[in-house]
Amino acid sequence: MKYDDVAIPGGLLWSSPFVRWQGAVSDVSSVDLATAVTTRALAERQVDPSIIDEVVLGITIPQPGFFFGPPTIAARIGLPAVTGPMVSQACATTVAALHAAAASVAAGSGTELVITTDRTSNGPTVIYPQSSAPGGAPRSEDFVQSNFARDPWAGTSMLAAAETVARERQISREEIDDIAALRYEQYLGALADERAFQRNYMVPIEATVGRRAVTVAEDAGIRPVDRAAISALPSAVADGVHTGASQTHPADGAAGALVTTTARARELSDGPVAEILSTGFARVAPTHMPEAPVPAALRALDAAGLTIRQVDAITTHNPFAVNDIVFARETGIDAAKMNSFGCSLIWGHPQAPTGMRAIAELVTELTQRGGGIGLFTGCAAGDTAGAVVVRVGG
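So in the numbering used here the end of the sequence shown lands on 395, straight run, no missing numbers.
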């Protein structure tokens, strides 16, 4: 979908640090985490919450009370008369939430607050009644791990999709390990000068669990990816090419943005605005999820009237190293020119906020370069993907 007058004000796009699952925030509800991070982000950026007309909440994993998500979070950040939709589309949730917010702005809604949050830690066990089963015995599901393990339509796992694509395209273990090591080296660049790059968008976590205060100022649980060391790791499946170093890890986090008209964005900005030019979604064949970011990206670019050669910076959600290899081969883009400061392969995967953080890094990179066209694209469950094209002014 193309948008003609939708933008994110400069500086009003943020993310918390990401924390590997079962880490420091494993007992913090993602609703509470979103409230804490959003409140701090708005306060630090001196945004009066009263300018917000609607809240769009992106969340994929049930939490206590999340049924009331948008009005609850809105009231807790000082907006008791504001509500809005709740959006869930696995790892494409950020794109879906921005898509919803941009459409509302284009229809005249005013200023949208997009909040994305998820906790993969301590996911719920869901009990489904089965009156027709022997004795009415219920069926149970570990919401997080069961859905990681099996796509009910394709009948296979996400890892199986990564390995299927790698095998069909004759992508070697060496290529996979090279990409994993490269992405870690790029991430180290974001940590230079006391995390100067990350501090442009990152909002520390300050939460309370019972009587215990939890503070997280930077990503936690990231494991180094040394090229020589990872070559000795066993593959995740027999005869596979991915290892623990070349696939992402589940995580907890929250991220958000303000979305409004371009003129209003300029009024609110501390720096150049990021115009949202378009969004795009795609679905590919069963068990081929890593291929989906390519058609999603091309659809978003086509909607914006652009080609891949006009893009100045690219970030991706790449839960498997194979994703970026496929994208580079299909588009002709040098894989080293993507994800200049790391990606979800390294800093983790809380689902809903994953894309928002990648877009925050994309906009930060473009701003530091003096402007340009940016593309985010990333795969999602069900062999799907979502993409966003932005333009940052000089």
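All C-beta atoms in this analysis are idealised placements derived from N, C-alpha and C, irrespective of residue type, glycine included. The model shown is predicted, which means the values in this text are computed figures rather than measured ones.
key: Cut-off 7 angstroms between Cβ atoms - residues of its own chain near F342, not counting five sequence neighbours on either side   = Sequence index remark: in the sequence shown, residue 342 carries index 341 (1-based). Apart from the 5 residues on each side of it in sequence, F342 sits with its Cβ closer than 7 angstroms to the Cβ of Q187, Y188, G190, A191, F198, E362, E366 in its chain, given in chain order.
message = If distances are taken between C-alpha atoms only, which option among P153, H100, S89, T355 comes closest to G383?
response = Translated into positions along the sequence shown, residue 383 becomes position 382. Nearest option by C-alpha distance: P153.
ask   = By the 10 Å Cβ neighbour count, where 16 or more other Cβ atoms means buried, how is V127 classified, buried or exposed?
value = Counted from its first residue, the sequence shown places residue 127 at position 126. Exposed, because fewer than 16 other Cβ atoms sit within 10 Å of the Cβ of V127.
inquiry  = Let's test the definition: count the other Cβ atoms within 10 Å of the Cβ of Q64 and tell me whether it reaches 16, buried, or not, exposed.
reply    = Position 63 of the sequence shown holds residue 64. Counting Cβ neighbours within 10 Å, Q64 comes out buried, since at least 16 surround it.
key: Start and end residues, beta strand (DSSP E) containing L259   = For the purposes of this step, residue 259 is taken as the residue at position 258 of the sequence shown. From DSSP, the beta strand (DSSP E) with L259 extends over 252-260.
query = First and last residue of the alpha helix (DSSP H) that includes V389?
reply = Taking the sequence shown and counting its residues from 1, the one referred to as residue 389 is at position 388. Where V389 is concerned, there is no enclosing alpha helix (DSSP H), although the beta strand (DSSP E) around it starts and stops at 385-393.
key: Complete beta strand (DSSP E) runs within the stretch 290-374 (minimum length 3 residues, chain order)   = Taking only runs of at least 3 residues, the beta strand (DSSP E) segments lying wholly in the stretch 290-374 are 314-318.
ask   = If you draw a straight line from the C-alpha of A297 to the C-alpha of I277, how long is it?
value = Here residue 297 is taken as the residue at index 296 of the sequence shown, counted from 1. Here residue 277 is taken as the residue at index 276 of the sequence shown, counted from 1. Their backbone Cα atoms lie some 16 angstroms apart in a straight line.
key: Nearest-angstrom beta carbon gap, A155 and F282 [assumed within contact, 8 angstroms]   = Against the sequence shown, residue 282 aligns to sequence position 281. Against the sequence shown, residue 155 aligns to sequence position 154. 18 angstroms between Cβ atoms; not a contact.
task = Provide the residue(s) that pair with I129 in DSSP beta bridges, ordered along the chain.
result = As a first step, residue 129 is located in the sequence shown; it is residue number 128 there, counting from the start. It is Tyr, not Ile, that sits at residue 129 in the sequence shown. Bridge partners of Y129: R140.
message = I need the boundaries of the alpha helix (DSSP H) containing G190, first residue and last residue.
response = Walking along the sequence shown from the start, residue 190 turns up at place 189. G190 -> alpha helix (DSSP H) spans 174-191.
ask   = Going by Cα to Cα distance, which pick from E175, V260, T61 is closest to E8?
value = As a position in the sequence shown, residue 8 is number 7, starting the count at 1. In the sequence as presented, Glu is not what sits at residue 8; that position holds Ala. Distance check between A8 and each of E175, V260, T61 places V260 closest, using alpha-carbon atoms only.
query = Is Q352 closer than 8 angstroms to I62 when the C-beta atoms are compared?
reply = By 1-based counting over the sequence shown, the position of residue 62 is 61. By 1-based counting over the sequence shown, the position of residue 352 is 351. Yes, they are a contact pair.
ask   = In three-state terms, what does DSSP make of M2?
value = As a first step, residue 2 is located in the sequence shown; it is residue number 1 there, counting from the start. M2 falls in the coil class under three-state DSSP.
query = Would the beta-carbon of T280 fall within 8 angstroms of that of A102?
reply = Walking along the sequence shown from the start, residue 280 turns up at place 279. Walking along the sequence shown from the start, residue 102 turns up at place 101. No, they are not a contact pair.
request  = Return the first residue and the last residue of the beta strand (DSSP E) that E219 is part of.
outcome  = Residue 219 sits at position 218 when you count from the first residue of the sequence shown. Per DSSP, E219 lies in no beta strand (DSSP E) and is assigned neither H nor E.
request  = Give the single residue among P291, H250, L99, L34 whose Cα lies nearest to the Cα of D119.
outcome  = Within the sequence shown, the letter at position 118 stands for residue 119. For D119, the nearest C-alpha among the options comes from L34.
query = Is F328 near P294, with beta carbons less than 8 angstroms apart?
reply = As a working note, residue 328 is residue 327 in the sequence shown. As a working note, residue 294 is residue 293 in the sequence shown. Yes.
Cut-off 7 angstroms between Cβ atoms - residues of its own chain near A98, not counting five sequence neighbours on either side = In the sequence shown, the residue the question calls residue 98 occupies position 97. If we look at A98 and ignore the five residues flanking it on each side, its Cβ neighbours are V57, G59, V88, V115, T117.
task = Within the same chain, show all residues whose beta-carbon is closer than 8 angstroms to that of L183, passing over the 5 residues directly before and after it, in chain order.
result = Here residue 183 refers to the residue found at position 182 when the sequence shown is read from its first residue. Cβ within range, chain order: A336, A337.
query = In three-state terms, what does DSSP make of I9?
reply = In the sequence shown, the residue the question calls residue 9 occupies position 8. Strand, per DSSP.
request  = With a 10 Å radius around its C-beta and 16 neighbouring C-beta atoms as the bar for buried, classify Y4 as buried or exposed.
outcome  = Taking the sequence shown and counting its residues from 1, one reaches residue 4 at position 3. With 16 or more other Cβ atoms within 10 Å, it is buried.
ask   = For D33, which of helix, strand or coil comes out of DSSP?
value = Taking the sequence shown and counting its residues from 1, one reaches residue 33 at position 32. Here D33 sits in helix by DSSP.
Same chain only: Cβ atoms within 8 angstroms of T39, ignoring 5 sequence neighbours per side = By one-based count along the sequence shown, residue 39 stands at place 38. Same-chain partners within the cutoff: I74, I78, L114, I116, A255, G257.
inquiry  = Let's test the definition: count the other Cβ atoms within 10 Å of the Cβ of G333 and tell me whether it reaches 16, buried, or not, exposed.
reply    = For the purposes of this step, residue 333 is identified with residue 332 of the sequence shown, where counting begins at 1. With fewer than 16 Cβ atoms within 10 Å of its Cβ, G333 is classed as exposed.
ask   = Three or more beta-carbon pairs under 8 angstroms between the stretch 7-26 and the stretch 225-241, yes or no?
value = no
ask   = Should R330 be labelled buried (16 or more other beta-carbon atoms within 10 Å of its own) or exposed?
value = In the sequence shown, the residue the question calls residue 330 occupies position 329. So R330 counts as exposed.
task = Pick out whichever of S16, G356, S147, S51 has its Cα sitting closest to the Cα of A82.
result = Position 81 of the sequence shown holds residue 82. Answer by Cα proximity: S51.
query = Got a sec, what are the start and stop residues for the alpha helix (DSSP H) G70 sits in?
reply = Position 69 of the sequence shown, counted from the start, is the residue given in the question as residue 70. That run of the alpha helix (DSSP H) goes 70-77.
key: Of the residues R358, V166, T36, G111, the one placed nearest P291, counting alpha carbons only   = Taking the first residue of the sequence shown as position 1, residue 291 is located at position 290. Nearest C-alpha to P291: V166.
ask   = Does the beta-carbon of F68 have 16 or more other beta-carbons within 10 angstroms, so that it is buried, or is it exposed?
value = Start at 1 with the first residue of the sequence shown, and residue 68 comes out as number 67. Looking at its Cβ environment, which holds fewer than 16 other Cβ atoms inside 10 Å, F68 is exposed.
request  = Tell me whether S16 is buried or exposed, calling it buried when 16 or more other Cβ atoms sit within 10 Å of its Cβ.
outcome  = The sequence position of residue 16 within the sequence shown is 15, counting from 1. That one is buried.
task = Would you list, in sequence order, the uninterrupted beta strand (DSSP E) runs of no fewer than 3 residues that lie entirely inside the stretch 76-130?
result = Correct list: 113-120, 126-129.
ask   = Rounded to the nearest angstrom, how far is the Cβ of H243 from that of A252, given a contact under 8 angstroms?
value = On the sequence shown, position 242 is the one that residue 243 refers to. On the sequence shown, position 251 is the one that residue 252 refers to. Not a contact, Cβ separation roughly 18 angstroms.
ask   = What do you reckon, are the CB atoms on D325 and G375 nearer than 8 angstroms?
value = Stepping through the sequence shown from its first residue, residue 325 is reached at position 324. Stepping through the sequence shown from its first residue, residue 375 is reached at position 374. In this structure, G375 does not lie closer than 8 angstroms to D325 by Cβ.
ask   = Out of A275, E142, D178, which has the shortest C-alpha to C-alpha gap to L234?
value = Counting from 1 along the sequence shown, the entry for residue 234 is found at position 233. Of the candidates A275, E142, D178, D178 places its Cα closest to the Cα of L234.
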